[in-house]
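Asker: My questions will all concern the structure given below.
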Amino acid sequence: MTKFSPGSASSLVSRRTVLKVAGATAALAGAATLPTRLFAQEPVKVAAIYTVPVEQQWVSRIHKAANAAKDRGDIDYVFSENVSNSDYERVMREYCEAGHQLVIGEVFGVEDAARTVAADYPDTAFLMGSSFKPDDAHPNFAVFDNYIQDASYLTGIIAGALTKSNNIGMVGGFPIPEVNRLMHAFMAGARETAPDIAFQVAFIGSWFDPPKAKETAFAQIDAGADILYAERFGVSDAAQERKLLAIGNVIDTQADYPETVVASALWHFEPTLDKAIAEVKGGSFKADDYGIYSFMKHGGCSLAPLGTFEGKVPDAVMAKVAEKEKAIRDGSFTVEINDEEPKSS
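What follows is the structure, given as structure tokens:
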């Protein structure tokens with residue numbers, strides 16, 4: 002991999018701030034495409050800007066997909082990590098000035114500044130993690146988010162079948178749409194196998210504070226939870242110490258917690274990035290919502306292999322998981338997308 006850091010990009014900060022408003026104007030169907038000057042020769046010059054280390058679970062999936070495209074020879078890839086929100090606009094501009102054709106990243110805390118940069122560089126394509134929608138004022142600014150509610154729902158079915166106390170603890174970073182929809186999907190899945198289940202829901206106010214997440218999980222265990230939903234790093238450590246089970250999110254951490262993490266919802270960023278690369282190459286990149294490419298039917302998410310827990314989950318439960326997965330993939334069943342803040346119940 003190639004690492005590039007234009008200027009200072011210090012201080013580990015939150016990947017996002019809590020949104021101030023609920024949404025923005027949706028893109029018009031006839032939004033203009035980028036000028037034909039974006040028609041790219043091989044490989045496409047791609048730059049990524051991350052506010053946390055590339056090891057962080059959400060960012061790691063973007064980084065993984067970019068490296069896969071680089072290894073195929075489809076792109077030249079450079080990136081900056083640990084970029085503070087106050088530095089984000091400057092780094093974006095430096096990458097644009099350096100001639101990168103596609104800039105990817107996460108602008109949840111710098112929406113206005115990022116769209117201003119996009120307006121100033123109309124010949125550059127931007128694909129940015131965002132809880133807002135694209136708009137016709139920025140025809141080169143597309144958005145994405147990890148809509149992995151399908152896989153989260155399936156992990157909930159498993160968790161509901163395995164809890165003995167009918168009490169599950171859930172620890173998240175911030176109650177924003179990306180997190181909320183996954184928690185709601187997980188809770189809906191758990192109710193499929195345990196209709197009377199109770200949930201303890203807590204948010205730690207950080208995207209990377211494993212000690213705080215761990216302590217929050219301990220408190221939920223002390224309050225009766227026997228399975229933990231690990232939206233943040235640190236939760237599985239608490240489960241491991243108390244010899245309980247955990248459900249993973251975005252990445253598969255079972256290798257690190259072989260007796261703890263029973264199932265995980267995996268995010269695959271490859272379909273999202275590959276779609277953007279193809280459109281840049283074809284000169285057809287435009288403002289669009291790439292969220293759909295995280296759906297299971299597009300290969301954007303999956304249930305991780307059970308690994309060490311293979312054969313330990315009842316066959317009837319896994320048959321139900323398989324049935325629901327098939328229905329999700331063929332469109333006969335749709336997991337609800339609920340972006341409202343989940344509450345303990």
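Residues 2 to 346 in my numbering are what the sequence shown lists, from first letter to last. By construction, the Cβ of each residue, glycine as well, lies at the ideal position given by its N, Cα and C atoms.
(1) Taking the CB atoms as reference points, tell me whether residue 288 and residue 142 lie closer together than 7 Å.
(2) Under the assumption that residue 291 contacts residue 200 (Cβ atoms under 8 Å), give the Cβ distance between them as a whole number of angstroms.
(3) Less than 8 Å between C-beta atoms, sequence neighbours within five positions excluded: which residues of the same chain meet that for residue 102?
(4) I need the boundaries of the alpha helix (DSSP H) containing residue 201, first residue and last residue.
(5) What alpha helix (DSSP H) runs, 4 residues minimum, are completely inside the stretch 53-101?
(6) Here's a check: name, in chain order, each residue in its chain whose Cβ is nearer than 6 Å to the Cβ of residue 261, leaving out the five neighbours to either side.
(7) Mind the definition here: the stretch 183-195 touches the stretch 161-175 only if three or more C-beta pairs lie below 8 Å; say whether that holds.
(8) Can you check whether the CB of residue 92 is closer than 7 Å to the CB of residue 186?
(9) Measuring CB atoms only, is the stretch 86-100 touching the stretch 61-74, in the sense that at least three cross pairs come out at less than 8 Å?
(10) Would you call the CB atoms of residue 157 and residue 203 closer than 7 Å?
(11) Here's a check: name, in chain order, each residue in its chain whose Cβ is nearer than 8 Å to the Cβ of residue 205, leaving out the five neighbours to either side.
(12) Using only the alpha-carbon positions, how far apart do residue 155 and residue 184 sit?
(13) Determine the extent of the alpha helix (DSSP H) in which residue 180 is found, giving its start and end residues.
(14) Over the uninterrupted beta strand (DSSP E) stretch that includes residue 143, give me the two end residues.
(15) Looking at the secondary structure, which residues open and close the alpha helix (DSSP H) in which residue 157 lies?
(16) Can you tell me which residues form a DSSP beta bridge with residue 107?
(17) May I ask you to report which of helix, strand or coil DSSP gives residue 244?
(18) Near residue 27, what residues of its chain come up, given a Cβ to Cβ distance below 6 Å and the 5 sequence neighbours on each side ignored?
(19) For the ligand MN, is there a heavy atom less than 6 Å away from the beta-carbon of residue 216?
(20) With 16 other CB atoms within 10 Å as the buried threshold, where does residue 116 fall?
(21) What residues match up with residue 208 in a beta bridge as DSSP calls it?
(22) Exposed or buried, residue 54, counting other C-beta atoms within 10 Å across all chains shown (16 or more means buried)?
(23) Rounded to a whole number of angstroms, what is the C-alpha to C-alpha distance between residue 160 and residue 228?
(24) Taking only three categories from DSSP, how would you classify residue 239?
(25) Between 317, 132, 275, which has its C-alpha nearest residue 75's C-alpha?
Answerer: Quick look at the numbers:
(1) By one-based count along the sequence shown, residue 288 stands at place 287. By one-based count along the sequence shown, residue 142 stands at place 141. For the pair residue 288 and residue 142, the CB atoms are nearer than the 7 Å cut-off.
(2) Within the sequence shown, numbered from 1, the residue matching residue 291 stands at position 290. Within the sequence shown, numbered from 1, the residue matching residue 200 stands at position 199. Between residue 291 and residue 200 the beta-carbon gap is near 30 Å, outside 8 Å, which marks them as no contact.
(3) For the purposes of this step, residue 102 is taken as residue 101 along the sequence shown, with counting starting at 1. The residues are 39, 41, 45, 46, 47, 125, 126, 281.
(4) Numbered from 1 along the sequence shown, position 200 holds the residue referred to as residue 201. Per DSSP, residue 201 lies in no alpha helix (DSSP H) segment; the continuous beta strand (DSSP E) that holds it begins and ends at 199-204.
(5) The stretch 53-101 is shown to contain whole alpha helix (DSSP H) runs of 4 or more residues at 58-72, 86-98, in chain order.
(6) Within the sequence shown, numbered from 1, the residue matching residue 261 stands at position 260. Closer than 6 Å at Cβ, skipping near neighbours: 237, 240, 241, 247.
(7) Short answer: they touch.
(8) As a first step, residue 186 is located in the sequence shown; it is residue number 185 there, counting from the start. As a first step, residue 92 is located in the sequence shown; it is residue number 91 there, counting from the start. It is not a contact, given that the beta carbons lie outside the stated cut-off.
(9) The stretch 86-100 is not in contact with the stretch 61-74.
(10) Taking the sequence shown and counting its residues from 1, one reaches residue 157 at position 156. Taking the sequence shown and counting its residues from 1, one reaches residue 203 at position 202. Going by C-beta atoms, residue 157 is not nearer than 7 Å to residue 203.
(11) Start at 1 with the first residue of the sequence shown, and residue 205 comes out as number 204. By the criterion of a C-beta distance shorter than 8 Å, residue 205 is surrounded in its chain by 172, 173, 174, 213, 214, 217, 233, once the five residues flanking it on both sides are discounted.
(12) To locate residue 155, count along the sequence shown from 1; it is residue 154. To locate residue 184, count along the sequence shown from 1; it is residue 183. Looking at the backbone, the Cα of residue 155 and that of residue 184 are separated by about 12 Å.
(13) Walking along the sequence shown from the start, residue 180 turns up at place 179. Where residue 180 is concerned, the enclosing alpha helix (DSSP H) starts and stops at 178-194.
(14) As a working mapping, residue 143 is identified with position 142 in the sequence shown. 142-145 is the extent of the beta strand (DSSP E) around residue 143.
(15) Counted from its first residue, the sequence shown places residue 157 at position 156. Going by DSSP, residue 157 is part of the alpha helix (DSSP H) stretching over 150-163.
(16) Locating residue 107 in the sequence shown gives position 106, where the first residue counts as 1. Paired residue(s): 130.
(17) The residue labelled residue 244 in the question sits at position 243 within the sequence shown. Residue 244: coil per DSSP, three-state reduction.
(18) By 1-based counting over the sequence shown, the position of residue 27 is 26. No answer about residue 27 holds up, because its pLDDT of 34 lies below 50 and its placement is not dependable.
(19) Absent from the structure shown: the ligand MN. Ligands present: none.
(20) Within the sequence shown, numbered from 1, the residue matching residue 116 stands at position 115. The residue in question, residue 116, is buried, as its Cβ has 16 or more Cβ neighbours within 10 Å.
(21) Stepping through the sequence shown from its first residue, residue 208 is reached at position 207. Partner residues in a beta bridge of residue 208, as assigned by DSSP, do not exist.
(22) Counting from one through the sequence shown, the residue named residue 54 turns up at place 53. The residue is exposed, with fewer than 16 neighbouring Cβ atoms inside 10 Å.
(23) For the purposes of this step, residue 160 is taken as the residue at position 159 of the sequence shown. For the purposes of this step, residue 228 is taken as the residue at position 227 of the sequence shown. Residue 160 and residue 228 have their C-alpha atoms spaced approximately 7 Å apart.
(24) Numbered from its first residue, the sequence shown carries residue 239 at position 238. Correct three-state label for residue 239: helix.
(25) As a first step, residue 75 must be located in the sequence shown, where it is residue number 74. If we check each option's Cα against that of residue 75, 275 comes out closest.
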